[in-house]
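Numbered by the UniProt record's numbering, the letters in the sequence shown go through residues 1 to 329 in order.
Scroll down for the structure; my scribbles are underneath it.
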Amino acid sequence: MAMVVVLFFVSLFLLLLFALIKFATADGDFTLMSKRHVKRHEIEDKVVWITGASRGIGEVLAKQLANLGAKLIISARNETELERVKKQLTGKHAPDGVKILPLDLASGEDCLRDAVEKAESFIPNAGVDYMIHNAAFERPKTTALDVTEESLKVTFNVNVLGTITLTRLLAPYMLRRGKGCFVVMSSAAGKTPAPGQAIYSASKHALNGYFHTLRSELYQKGIGVTIVCPGPVETSTGTGAARSENKASSEKRVSSERCAELTIIAATHGLKEVWISYQPVLAVMYLVQYMPTIGYWLMDKIGGNRVEAAARKGNTYSISLLFGKRKAS
Ligand SMILES: NC(=O)c1ccc[n+]([C@@H]2O[C@H](COP(=O)([O-])OP(=O)(O)OC[C@H]3O[C@@H](n4cnc5c(N)ncnc54)[C@H](OP(=O)(O)O)[C@@H]3O)[C@@H](O)[C@H]2O)c1
């Protein structure tokens, strides 16, 4: 009997140790990590429309999806960059079958309606199967009070209003076919407080709210939604705020190739929300989601130090942010 009890506790200890090591070295949440491979048949010959495909994660998504045999439509504002990306694509329908659809998400409903009509008619006898909302606007980090009205408007116009309008205009086509999937590139900043990125964080929280609700309304009618929340990602071709900041610091970032691969795995397995990041961001996401009192307490300790770290272009994801200055008495 004693032997059985000892064996039980040893197995429990080993299991816990294994889970801890897995968690410490993971670059995604547990559900995502359990899905090891892309379901190729869910992508091959499907029409996939990607916004923000002119650089960064969007460019890498385009490369991987082309290789998987997707029929691609790539969008962004910069047509020259889209041409450059198209030339590099290889696959069953690439580069020749790849359609370029220049698009400014802040251009208003009429322009976005034109874009949706073009996207729907590009490929004979087929409409958009996957809409990947990847484009976004991000300013360099500032405090929540230093945000200008201009920056507030630009961020929300692109990240929220443009993205939602495009969805509203495209979804009816998908509903008529009884199938379609929206893949939304949100952020860890859409799940937790993001000191120094208040407006960006607010825009991503807004997207999460809209798209989880959209799914709940349309899921029974064949419309899927996968919300992807990455922490810091290394983008070798990006020119945005994240790029200039990640060059300057020693933050450990998931590669854009891995982020794109995990995004496609999540979408092809129909996962509803996934988190992609190394530690400590992943652990903070779990804390805020499942133990909010502790999670928000932690973020309140970190917040001021993170804003200061961003100002001196230091590591804004370091565990050492916890041990900065104490609250003035
Ligand atoms: N990189 C990270 O660490 C990270 C972390 C978490 C989440 N994310 C999210 O992942 C996505 C991609 O990030 P990234 O780092 O690859 O971004 P990025 O390198 O800055 O690229 C942004 C893309 O969006 C397009 N874009 C910007 N404004 C637009 C507009 N008004 N209309 C249409 N397209 C527009 C840009 O093309 P044009 O300039 O040619 O229009 C570009 O292709 C974003 O949603 C971002 O919030 C990134």
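Backbone N, C-alpha and C define an ideal beta-carbon position, used for all residues, glycine too.
For clarity, every value in this text was computed on a predicted model and none was experimentally measured.
- Between E44 and G28, the C-beta spacing is not below 9 Å.
- Closest by C-alpha distance to Y200, out of Y317, T163, S186, T213, is S186.
- The alpha helix (DSSP H) runs lying completely inside the region 45 to 77 and spanning 4 residues or more are 56 to 67, given in chain order.
- Distance from the Cα of R168 is smallest, within the candidate group E79, L218, A310, Y278, for L218.
- Excluding five sequence positions before and after R253, the CB atoms of its chain that fall closer than 7 Å to its own CB belong to P232, V233, E234, N246, given in chain order.
- A Cβ-Cβ contact shorter than 9 Å links I227 with G190.
- Contact between the region 130 to 148 and the region 50 to 60 is present, with at least three C-beta pairs closer than 8 Å.
- When the alpha-carbon of N125 is set against those of E308, Y210, K46, the nearest one is in K46.
- Annotated three-state conformation of A94 is strand, per DSSP.
- Membership of I265 in the alpha helix (DSSP H) is indicated by the continuous run 256 to 268.
- Spatial neighbours of R215 in its own chain (CB-CB distance under 6 Å, excluding positions within 5 residues in sequence) are listed in chain order as V225.
- DSSP places F8 in the uninterrupted alpha helix (DSSP H) bounded by 2 to 25.
- Put simply, of L170, V184, A171, R176 the residue whose alpha carbon is nearest the alpha carbon of V160 is V184.
- In the displayed model, T31 falls within a helix according to three-state DSSP.
- Between ligand 1 and Y278, a heavy atom-to-CB distance of less than 8 Å is absent.
- As computed with DSSP, C181 is found in a beta bridge with Y130, G224.
- Remark: the C-beta of K204 is in contact range of ligand 1, defined as less than 8 Å to any heavy atom.
- Contact annotation: the region 30 to 42 touches the region 257 to 269, with at least three C-beta pairs closer than 8 Å.
- Annotation for V284: the continuous alpha helix (DSSP H) segment containing it runs 281 to 290.
- With fewer than 16 other CB atoms across the displayed protein chains lying within 10 angstroms of its CB, T213 is exposed.
- In terms of Cβ geometry, L170 and E138 do not form a close pair [threshold 9 Å].
- The region 69 to 80 and the region 149 to 158 do not touch, with fewer than 3 CB-CB distances between them shorter than 8 Å.
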